[in-house]
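In the working numbering, the protein residues as written are 13 to 165.
Below is one structure, written out as structure tokens; the observations come after it.
Encoded structure:
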């Protein structure tokens, strides 16, 4: 009596798995892989290094051409803080307390905005990549394959 119950239980558990399709790679993955290979060959950077840097910087998320919260664009997380700050209207109107605490006055109401001429090099890697590759900054922001080439350069 126990044997038929076990067979029936095993069949009930494995039957749904037969209809499950294997996972497929998201569209564009092959194109991005080719971009890493091409950039590695063109700029003499090991592909594994490009993949590793890209994964650590962006988790391979291109943000669809929009900057990340830290001002980086594309899978190589090329930074263009001037553009990212200009495109962001968060707290720009002055009507909202950027601390999220309107119950107390700010300790330093005279805090000054960062002057864009003082941005460190780590926050302006995208313009440098544009100069090195000859690609437009817009293309480096919006096209993941171009972004990889910019990161390799």
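The beta-carbon is built from N, C-alpha and C at its ideal position, and this holds for glycine as well.
The structure presented is a predicted model; accordingly, all values stated were derived computationally and were not measured.
Three-state secondary structure (DSSP) of residue 90: Along the chain shown, read from residue 1 onward, the residue named residue 90 stands at position 78. Strand.
Identify every residue that forms a DSSP beta bridge with residue 84. Sequence index remark: in the chain shown, residue 84 carries index 72 (1-based). DSSP output for residue 84 lists 91 as bridge partner(s).
Using three-state DSSP, classify residue 162 as helix, strand or coil. Residue 162 sits at position 150 when you count from the first residue of the chain shown. Collapsing the DSSP output to three states places residue 162 in a helix.
When the Cα atoms are used, what is the spatial distance from residue 143 to residue 25? Mapped onto the chain shown, residue 143 falls at position 131. Mapped onto the chain shown, residue 25 falls at position 13. Whole-angstrom Cα-Cα distance: 58 angstroms.
On the three-state DSSP scale, how would you describe residue 150? Position 138 of the chain shown holds residue 150. Helix at residue 150.
Leaving out the 5 sequence neighbours to the left and right, which residues in its chain are closer than 7 angstroms to residue 139 when beta-carbon positions are compared? Locating residue 139 in the chain shown gives position 127, counting from the first residue. Leaving aside the five residues that flank residue 139 on each side, the residues in its chain whose CB is nearer than 7 angstroms to its CB run, in chain order, 92, 149.
Label residue 52 either buried or exposed according to how many other C-beta atoms from any shown protein chain fall within 10 Å of its C-beta, with 16 as the threshold for buried. On the chain shown, position 40 is the one that residue 52 refers to. Residue 52 is classed as buried because its beta carbon has at least 16 other beta carbons within 10 Å across all chains shown.
Beta-carbon within less than 7 angstroms of residue 49's beta-carbon, same chain only, minus the 5 sequence neighbours each way: which residues are those? Mapped onto the chain shown, residue 49 falls at position 37. Leaving aside the five residues that flank residue 49 on each side, the residues in its chain whose CB is nearer than 7 angstroms to its CB run, in chain order, 59.
I'd like the list of long-range same chain contacts for residue 2, defined as Cβ closer than 6 angstroms, with 5 residues on each side in sequence excluded. There is simply no residue 2 to check, as the chain begins at 13 and stops at 165 in what is shown.
Identify, in the order they occur along the chain, each residue of the same chain with its Cβ nearer than 6 angstroms to the Cβ of residue 156, setting aside the five sequence neighbours on each side. Position 144 of the chain shown holds residue 156. The beta carbon of residue 156 lies closer than 6 angstroms to those of 44, 74, 86, 87 in the same chain, with the five residues before and after it left out.
How is the alpha helix (DSSP H) around residue 140 delimited, first residue to last? As a first step, residue 140 is located in the chain shown; it is residue number 128 there, counting from the start. Following the DSSP letters along the chain, one finds residue 140 inside the alpha helix (DSSP H) bounded by residues 137 to 145.
Is the Cβ-Cβ distance between residue 133 and residue 57 less than 8 angstroms? The sequence position of residue 133 within the chain shown is 121, counting from 1. The sequence position of residue 57 within the chain shown is 45, counting from 1. No, the Cβ-Cβ distance between residue 133 and residue 57 is not below 8 angstroms.
Sort 16, 90, 67 by Cα distance to residue 153 and report the nearest one. Residue 153 sits at position 141 when you count from the first residue of the chain shown. Distance from the Cα of residue 153 is smallest, within the candidate group 16, 90, 67, for 90.
Whole-angstrom distance between residue 46 and residue 20, CA atom to CA atom: The sequence position of residue 20 within the chain shown is 8, counting from 1. The sequence position of residue 46 within the chain shown is 34, counting from 1. Residue 20 and residue 46 have their C-alpha atoms some 48 angstroms from each other.
How many Å lie between residue 151 and residue 113 at the Cα? As a position in the chain shown, residue 151 is number 139, starting the count at 1. As a position in the chain shown, residue 113 is number 101, starting the count at 1. Roughly 39 angstroms between the two C-alpha positions.
As a quick exercise: from 40, 54, 81, 22, pick the residue whose alpha carbon is nearest that of residue 145. Within the chain shown, the letter at position 133 stands for residue 145. Taking only the C-alpha atoms, the option nearest residue 145 is 54.
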